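Colleague: Respectively, the protein sequence lines represent chains A and B. Sequential numbering of the first sequence, starting at 204, is according to our numbering. Sequential numbering of the second sequence, starting at 1427, is according to our numbering. No residue lacks a Cβ here, since even glycine has one placed at the ideal position from N, Cα and C. Bear in mind the structure is a predicted one, so any value in this text is a computation, not a measurement.
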Amino acid sequence: MKGLLRLATNPESVHICIIRLICVLSVLFTGGCKKEKESSYTPTPYTIQIPKFFPSNLNIPADNPMTVEGITLGRYLFYDGRLSGRTSPDSLMSCCTCHIQEYSFTCGINNPSFPGGMPHGLTGIPTPHAMMPMINLAWNNNGYLWNGLIRTDNPDTHRRNIEDLVWMGITAPHEMHGDTSRTVALIQSIPGYPELFKKAFGSDKVTMKNIGKAIAQFIRTLISSNSRFDKYLRGETQLSEQELSGFEIFTTENGGDCFHCHGESGNPLFTTNLFYNNGKDTVFTDTRDRYHVTGRTPDIGAYKAPTLRNVEVRGPYMHDGRYKTLDEVIDFYSGKVVWSPYIDPLMHHVATGGVRLTSKQKSDLKAFIHTLRDDEFLTNPDFAKPATFPDGTK
Amino acid sequence: MIRIKFLIASLLLAFTGIFLFSCTKNNSDSSSIVFTFSHTVDGQPVQFDTIKYINAAGNQYSVSNIQYFVSDFKFWKHDGTQINYTNPQDIHYVDTDIPGTFTWNFSNNIIPGDYDSITFNFGIDTLKNKPGLFSTTPEMDMSWPAMMGGGYHYMKLNGKWIPAGGTEAMPFGVHLGIGRVYNSDSTYHDVQNYFTVKLDKSFTILNGQTKTFNINMNIEKWFKYPYVYNFDVYGGSIMGNQEAQNIFKKNGKFVFSESISSR
């Protein structure tokens, strides 16, 4: 204040001081309200429409809001074999090499490229686990992969969401076994892609971060909500007597007791996205189970309960693919469950080896599970391979 | 010159005022209630997944996790009148696997004064306990199948016990909800198993004060009083067993205790 009053003895300095003061204050007060001018970057926001009866809490990172342009780009990249960073026809690999729409984005048990439905990477290294379906992943708030390693609260900031799985897919030896710098350079060199990156992210410079963001956006659009069971819930169709009997078995504790882990009409995701030791084994040697993420003894031998939507098209089943058919899975839960100290408390029927279903009950249960097949999802053209890639190639 | 000095001083005062005003905390007189939730066995914080407890029936047991709903909190005055601060849909979910659910900032608009007690429903009452009540997980994962009465589980208390004569810990799920009872002619009727809990401790809340009520679940009491619950009798799954449900409905009134702190 003294300094300012001293200035006041010099009229010229006073004027300058006032002007400066007004300028500073004007900037202070207007700066916060001024919208940044982004003439060249105006992506179109994309909002997931929550299907009826679905949860409303989605897992979409704040730094990767969904846009039409991002999804479009992501779809190209998901299907473009050059994502591997290679151009030789026998070295192309992208997400879709293993994540095939008609098999609910798994590789499929009858796929000649992957005998038994167990995938391997570009260089032939087998993946450690069977594949999980890519369905309704935007609703998964409890971690991705069989063991939930990829989770939003992971201290490792590179292991938090689908964006990071894309990165891992390109580099993992049992997947593309690639080099992200090579991938980035190749995508950058392909005509059409830089423009798509500019539309989606405001810069035509291809980055691995934006590749991950775009593919993750596309994956979050892979929504299944139109199975026969969905239509039944919405009152649009009726299930058969056998299917309804199966539904009752599915949702009763003294029946199949499936719903505690796999949901039901109250949670039509048909998974809690949580992790359970479901009584398959008595000895546990897998270093990729839930225990190896949490360090909690009760998590030994525990794996995520996958969604049962489209389960009939995505065998083999369980984390290690030990069961080839749904019948085998139902037989397991009916009478082959084994006790271990780590069995989940929700496996109420372990003392009798399982839920002890009759053959009719098994048939009814299977009939209900078939109602979770969503053909619209399996054939949706928006999820399919684009007719051509940005450079015009097919 | 005086005008210039006046102008500078006015500008400084005005902007100082604006900045100070924007940083001043809004100091109202409303009082607040916070509920916290804890879980003990025999007076000690529960240690999960360890067979170290023995219930009133002599069953050795462990607790793996607990999920439950509390609802309809009412504040009672000495003269018997009640004040209901919540909307009917205000229901709180507690999950021992999600520590964030242990604290519930209940209301910042509590009327200061003397109160006699607090009551709440354990579970969800008949009018509200309908499919579609919740639109987010994990609450939606508490759904109670329509085939078994519908709505939502009031509670899932999951753990293991060692059956008599055995050595292997077997799973149990004390899952409470609407009981569907089938009659001999294949018709059925549903029994509402939620119940009201009274926190019978008078308190005074002053202007601007925040009181924190810790609601403790004394887990062993589920199995103790007035009915002794024996896992060897009822087994590990009771959703379809109204007789077992009724034991927990009756015992549940005596399961909770409270403590109050102020700031």
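May I ask you to list, following chain order, the residues of the segment 1623-1657 of chain B that have a beta carbon less than 7 Å from some beta carbon of chain C?
Modeller: You won't find chain C in this structure, because its protein chains are A and B.
Colleague: Please list, in chain order, all residues of the same chain as R362 of chain A whose beta carbon is under 7 Å from its beta carbon, the five residues on each side excluded.
Modeller: The sequence position of residue 362 of chain A within the first sequence is 159, counting from 1. Closer than 7 Å at Cβ, skipping near neighbours: L352 and I353.
Colleague: For S1687 of chain B, count neighbouring Cβ atoms within 10 angstroms of its own Cβ and tell me buried if that reaches 16, exposed if not.
Modeller: For the purposes of this step, residue 1687 of chain B is identified with residue 261 of the second sequence, where counting begins at 1. Per the 10 Å Cβ criterion, exposed.
Colleague: Would you list the residues sitting across from I1536 of chain B in a DSSP beta bridge?
Modeller: In the second sequence, residue 1536 of chain B corresponds to position 110, counting from 1. For I1536 of chain B, which the question treats as bridged, DSSP gives the partners B:S1457.
Colleague: Which residue marks the beginning of the alpha helix (DSSP H) containing H465 of chain A, and which one marks its end?
Modeller: Locating residue 465 of chain A in the first sequence gives position 262, counting from the first residue. Counting along the chain, the alpha helix (DSSP H) containing H465 of chain A begins and ends at F462 to H465.
Colleague: For L575 of chain A, list the residues DSSP reports as bridge partners.
Modeller: Indexing the first sequence from 1 puts residue 575 of chain A at position 372. Paired residue(s): none; L575 of chain A is not in a bridge.
Colleague: With a CB to CB cut of under 7 Å and the five nearest residues on each side skipped, what residues in its chain are close to T374 of chain A?
Modeller: Numbered from 1 along the first sequence, position 171 holds the residue referred to as residue 374 of chain A. G381 and T383, listed in sequence order.
Colleague: What are the boundary residues of the alpha helix (DSSP H) that includes H380 of chain A?
Modeller: The sequence position of residue 380 of chain A within the first sequence is 177, counting from 1. That residue, H380 of chain A, is in no alpha helix (DSSP H); it is neither H nor E in DSSP.
Colleague: Going by alpha carbons, who is nearest to T1564 of chain B out of B:I1588, B:H1518 and B:E1684?
Modeller: Taking the second sequence and counting its residues from 1, one reaches residue 1564 of chain B at position 138. Looking at the sequence provided, one finds Pro at residue 1564 of chain B rather than Thr. Closest option to P1564 of chain B, Cα to Cα, is B:H1518.
Colleague: Going by Cα to Cα distance, which pick from A:P501, A:F478 and A:K527 is closest to A508 of chain A?
Modeller: What you label residue 508 of chain A is simply residue 305 of the first sequence in a count that begins at 1. Of the listed residues, the one whose Cα sits closest to A508 of chain A is A:F478.
Colleague: Cβ atoms of N1547 of chain B and D1521 of chain B: under 9 Å apart, would you say?
Modeller: The residue labelled residue 1521 of chain B in the question sits at position 95 within the second sequence. The residue labelled residue 1547 of chain B in the question sits at position 121 within the second sequence. Contact flag unset, no.
Colleague: Nearest to R576 of chain A by alpha carbon, out of A:T488, A:Y435, A:G415 and A:C298?
Modeller: Within the first sequence, numbered from 1, the residue matching residue 576 of chain A stands at position 373. Answer by Cα proximity: A:Y435.
Colleague: As a quick exercise: from A:E456, A:I452, A:V496 and A:H522, pick the residue whose alpha carbon is nearest that of G482 of chain A.
Modeller: Here the question's residue 482 of chain A lines up with position 279 in the first sequence. Checking every option, the nearest Cα to that of G482 of chain A belongs to A:H522.
Colleague: Determine the direct distance from the alpha carbon of F450 of chain A to that of Y520 of chain A, and round the result to whole angstroms.
Modeller: As a first step, residue 520 of chain A must be located in the first sequence, where it is residue number 317. As a first step, residue 450 of chain A must be located in the first sequence, where it is residue number 247. Taking the straight line from one Cα to the other gives about 21 Å.
Colleague: So for P584 of chain A, helix, strand or coil by DSSP?
Modeller: The sequence position of residue 584 of chain A within the first sequence is 381, counting from 1. It is helical.
Colleague: Where does D1521 of chain B sit, in a helix, a strand or coil, going by DSSP?
Modeller: The residue labelled residue 1521 of chain B in the question sits at position 95 within the second sequence. D1521 of chain B falls in the strand class under three-state DSSP.
Colleague: Between the segment 325-346 of chain A and chain B, which residues of the former have CB atoms less than 7 Å from a CB of the latter, in chain order?
Modeller: Of all residues in the segment 325-346 of chain A, N344 have a Cβ within less than 7 Å of some Cβ in chain B.
Colleague: In chain order, what residues of the same chain have a beta carbon less than 6 Å from the beta carbon of R285 of chain A, not counting five sequence neighbours either side?
Modeller: The residue given as residue 285 of chain A occupies position 82 in the first sequence. Same-chain partners within the cutoff: L389.
Colleague: Note down, in chain order, every chain A residue with its Cβ under 8 Å from the Cβ of G1603 of chain B.
Modeller: For the purposes of this step, residue 1603 of chain B is taken as the residue at position 177 of the second sequence. Result: empty, since nearest Cβ-Cβ is about 11 Å, beyond 8 Å.
Colleague: Are the C-beta of Y1578 of chain B and some C-beta of chain A separated by less than 9 Å?
Modeller: The residue you call residue 1578 of chain B lines up with position 152 of the second sequence. Chain A contact via Cβ: present.
Colleague: Only counting the same chain, and skipping five residues up and downstream in sequence, which positions put a Cβ closer than 7 Å to that of F586 of chain A?
Modeller: Taking the first sequence and counting its residues from 1, the one referred to as residue 586 of chain A is at position 383. Answer for F586 of chain A: Q304 and L425, listed in chain order.
Colleague: Less than 9 Å between the C-beta atoms of V553 of chain A and V541 of chain A, yes or no?
Modeller: Along the first sequence, read from residue 1 onward, the residue named residue 553 of chain A stands at position 350. Along the first sequence, read from residue 1 onward, the residue named residue 541 of chain A stands at position 338. Contact flag set, yes.
Colleague: Would you list, in chain order, the members of the segment 1561-1572 of chain B that have their beta-carbon closer than 7 Å to a beta-carbon of chain A?
Modeller: Per Cβ criterion, the list reads S1561, T1562, T1563, M1566, D1567, S1569, P1571 and A1572.
Colleague: Buried or exposed for L549 of chain A, please, with buried defined as at least 16 other CB atoms from any protein chain shown within 10 angstroms of its CB.
Modeller: Position 346 of the first sequence, counted from the first residue, corresponds to residue 549 of chain A. That one is buried.
Colleague: With distances taken between CB atoms, is the gap from G1526 of chain B to N1555 of chain B smaller than 9 Å?
Modeller: Taking the first residue of the second sequence as position 1, residue 1526 of chain B is located at position 100. Taking the first residue of the second sequence as position 1, residue 1555 of chain B is located at position 129. The answer is no: Cβ separation not under 9 Å.
Colleague: Report buried or exposed for P336 of chain A, applying the criterion of at least 16 other Cβ atoms within 10 angstroms of its Cβ.
Modeller: For the purposes of this step, residue 336 of chain A is taken as residue 133 along the first sequence, with counting starting at 1. Buried, since its Cβ has 16 or more Cβ neighbours within 10 Å.
Colleague: Excluding the 5 residues preceding and the 5 following D594 of chain A in the sequence, name in chain order all residues of the same chain whose CB lies nearer than 7 Å to its CB.
Modeller: On the first sequence, residue 594 of chain A is found 391 positions in, with the first residue counted as 1. For D594 of chain A, where only same-chain residues beyond five positions count, the Cβ hits under 7 Å are I393, P394 and G395.
Colleague: Does DSSP classify V1489 of chain B as helix, strand or coil?
Modeller: Here residue 1489 of chain B refers to the residue found at position 63 when the second sequence is read from its first residue. Strand.
Colleague: Tell me which residue opens and which closes the beta strand (DSSP E) that P1597 of chain B is part of.
Modeller: Working through the second sequence from its first residue, we reach residue 1597 of chain B at position 171. Run containing P1597 of chain B: M1596 to L1602, per the beta strand (DSSP E) assignment.
Colleague: Using a threshold of 9 Å, state whether the C-beta atoms of N343 of chain A and R493 of chain A are closer than that.
Modeller: Along the first sequence, read from residue 1 onward, the residue named residue 343 of chain A stands at position 140. Along the first sequence, read from residue 1 onward, the residue named residue 493 of chain A stands at position 290. No, the pair does not count as a contact, with Cβ atoms beyond the cut-off.
Colleague: Can you pull out the residues from the segment 1503-1530 of chain B whose beta carbon lies closer than 8 Å to at least one beta carbon of chain A?
Modeller: Answer set for the segment 1503-1530 of chain B: empty.
Colleague: At 9 Å on the CB atoms, spell out the chain A contacts of G1585 of chain B, in chain order.
Modeller: In the second sequence, counting from the first residue as 1, residue 1585 of chain B sits at position 159. By Cβ distance, chain A contributes P548.
Colleague: For T245 of chain A, does the three-state DSSP call read helix, strand or coil?
Modeller: As a first step, residue 245 of chain A must be located in the first sequence, where it is residue number 42. It is coil, neither helix nor strand.
Colleague: Please determine, among B:S1464, B:G1666 and B:K1478, the residue with the shortest C-alpha to C-alpha distance to H1579 of chain B.
Modeller: On the second sequence, position 153 is the one that residue 1579 of chain B refers to. For H1579 of chain B, the nearest C-alpha among the options comes from B:G1666.
Colleague: Taking the alpha-carbon of F1639 of chain B as reference, which of B:W1530, B:Q1470, B:L1632 and B:Q1508 has the nearest alpha-carbon?
Modeller: As a first step, residue 1639 of chain B is located in the second sequence; it is residue number 213 there, counting from the start. The candidate whose alpha carbon is nearest that of F1639 of chain B is B:W1530.
Colleague: If you reduce the DSSP assignment to three classes, tell me which class I278 of chain A lands in.
Modeller: Translated into the one-based positions of the first sequence, residue 278 of chain A becomes position 75. Residue 278 of chain A is actually Arg in this sequence, not Ile. Residue state, collapsed to three classes: helix.
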